[in-house]
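Start counting the sequence shown at -9; every next residue gets the next number (this note's numbering). Backbone N, C-alpha and C fix where the C-beta goes; we use that ideal spot for every residue, glycine too. Quick caveat: nothing in here was measured; it's all calculated off a predicted structure.
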Amino acid sequence: MASRDPVADLRRIAFLLESAHEATFRVKAFRSAANVLGGLDPEETRTRAENGTLADLKGVGDVTARCVAESLAGEEPVYLRRLLATEDDDLPVAAVHLREKLRGDCHSHSDWSDGGSPIEEMALAAVEVGHEYLVLTDHSPRLKVARGLSPARLKRQLDHVATVNAQLPEGFRILTGIEVDINPDGTLDQEDELLARLDVVVGSVHSELRADEAVMTRRMLKAVANPHLDVLGHCTGRRLPTKNNDRAHARTSSRPPSDFDAKRVFAAAAEHGKAVEINCRPDRLDPPKRLLRLAVEAGCLFAIDTDAHAPGQLDWQRYGCERAAMCGVPADRVVNTWSAEELTRWAAGH
Ligand SMILES: [Zn+2]
Ligand SMILES: [Zn+2]
């Protein structure tokens, strides 16, 4: 039997584990083994698999070594086969159709801010998901807990993205972007000149979420009217308890939606041609369905974004598609069903 690519199999396993919310250490075991073997001469990998000495390598364990041996023998690793067999595929048809139309993702983080993986790794996962583009949107300076990028670091990131793009498979590219904080006064937390250089700008509220309705409405209206802002990120800021392993954490991190006049904010978004994000994270699912229906009625554009902080999370778009389909979001009003050219032209046109 022809042998398979063991590194690709290990990466695929890591991706599926992450997508299924498995514990980080398990994901890391596969990803670090993939990195170790990716840097090794394939002949050495083969010899070690034959001698049973793969697990002697730092970063390769018994389980990952077994997967590699199976791959090289031309068999789909048992571990991978089990994961594929238990993948949840009970998405409604309308949601599946919408998911098939998505060509990219407009909100993602790398280890330059609070994401867990390098830009290259995020990009390769986006290719695997079937995307044509991934907008990289690391945080802005104000968000210090998330290592928000200073103007100098953002400039360095832009240079780095250009280098990475030159090495990525044809037909895919990283688009530049930012998740910029909407300051309490409604201004955006990055230099205008830099915001103007970026392909896509997501603007989000991350502070003073309990402000009263009038204050929050004014803040959001001002941000939506700012020509640099393209997508209004997770508009209510709510946090949901998740089914994740750590229940104590879920309790402390859940948060009610903030108060604002959604009708006015969505009307402004529609008027200025800005997109309302449908945030797919299971701990956000923002906006709530009632508000999502309101935004549909208001005539808004949408972006179905994962807000991924790790490669496997790029697979979470299905959660947003499910809600979008349920609330009657038309596919042609979802900006990431558009090509990279259409998307960037729209973003530059505000
Ligand atoms: Zn955010
Ligand atoms: Zn984010």
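Which of helix, strand or coil does DSSP assign to D322?
If DSSP states are grouped into helix, strand and coil, D322 belongs with the helices.
Rounded to a whole number of angstroms, what is the C-alpha to C-alpha distance between F292 and A59?
Straight-line Cα distance between these residues: approximately 45 angstroms.
Let me check one thing: in DSSP terms, what residues is I109 bridge-paired to?
Answer by DSSP bridge pairing: none, since I109 is not bridged.
Please indicate yes or no: does the CB of S98 lie closer than 6 angstroms to some heavy atom of ligand 1?
Not so, every heavy atom of ligand 1 lies at least 6 angstroms from the Cβ.
Closest to V191 by CA distance: which of S98, R200, P174, K279 is it?
Nearest option by C-alpha distance: S98.
Please report the distance separating the alpha-carbon of V117 from that of R143.
Using only the alpha carbons, I get a separation of about 26 angstroms.
Using a Cβ-Cβ cut-off of 6 angstroms (strictly less than) and excluding sequence neighbours within five positions of A260, which residues of its own chain qualify?
For A260, where only same-chain residues beyond five positions count, the Cβ hits under 6 angstroms are A288, G289, C290.
Go ahead and pull the three-state DSSP assignment for R335.
The answer is helix: DSSP assigns R335 an H, G or I state.
If we call anything under 7 angstroms between Cβ atoms a contact, is H129 one with G94?
The answer is no: Cβ separation not under 7 angstroms.
Starting from the Cα of R247, find the closest Cα among A215, V170, A201 and give me that residue.
The displayed chain sequence assigns Pro, not Arg, to residue 247. Selected option, being the one with the closest Cα: A201.
Got a sec: does ligand 1 put a non-hydrogen atom nearer than 6 angstroms to the Cβ of S22?
Result no, Cβ not under 6 angstroms from ligand 1.
Does DSSP put D245 in a helix, a strand or coil?
This sequence places Arg at residue 245; Asp is not what is there. Residue state, collapsed to three classes: strand.
Where Y123 and H224 are concerned, what is the direct C-alpha to C-alpha distance, given to the nearest angstrom?
Approximately 21 angstroms between the Cα atoms of the pair.
Shortest alpha-carbon distance to P231 belongs to which of D273, A39, L222?
The residue with the shortest Cα to Cα distance from P231 is D273.
Closer than 8 angstroms by C-beta to L211: which residues in its own chain qualify, once you throw out the five before and the five after it? Chain order, please.
Correct list, in chain order: G176, R254, V255, A258.
Kindly list the residues whose CB is nearer than 6 angstroms to the CB of D297, restricted to its own chain and excluding five residues on each side of it in sequence; keep chain order.
Only H97, N269, R271 meet the Cβ criterion.
Indicate, with yes or no, if ligand 1 has a heavy atom lying under 6 angstroms from the CB of S402.
Any question about residue 402 goes unanswered here, given that the chain covers just -9 to 340.
DSSP three-state label for E203, please.
Of the three classes helix, strand and coil, the one that applies to E203 here is helix, per DSSP.
Quick check on this structure: which residue in N25, V170, F5, R209 has the alpha carbon closest to the alpha carbon of A186?
Nearest of N25, V170, F5, R209 to A186, Cα basis: V170.
Applying the criterion that 16 or more other CB atoms from any shown protein chain within 10 Å of the CB defines a buried residue, is N41 buried or exposed?
It is exposed - the Cβ of N41 has fewer than 16 other Cβ atoms within 10 Å.
In its own chain, which residues sit with a C-beta less than 8 angstroms from the C-beta of D(-5), not counting the 5 before and 5 after it?
Once the five neighbours on either side are set aside, the close Cβ partners of D(-5) are S61.
Which value, in whole angstroms, describes the spacing of the CA atoms of A183 and P67?
The sequence as given places Glu at residue 183; Ala does not occur at that position. The straight-line gap from Cα to Cα measures roughly 50 angstroms.
Thinking C-beta only, is A113 closer than 7 angstroms to L393?
Here the chain comprises residues numbered -9 to 340, so residue 393 is not present and cannot be evaluated.
Run through the DSSP bridge pairs and tell me what G167 is partnered with.
V190.
If you check the beta carbons only, do F250 and E203 fall under 7 angstroms apart?
Yes, they are a contact pair.
Looking only at its own chain, which residues have a Cβ that is under 8 angstroms from the Cβ of L73, when we skip the five neighbours before and after it?
These residues qualify, in order along the chain: I3, L6, L7, A10.
Could you check the C-alpha separation between E111 and P301 for me, to the nearest Å?
Taking the straight line joining both Cα atoms gives about 7 angstroms.
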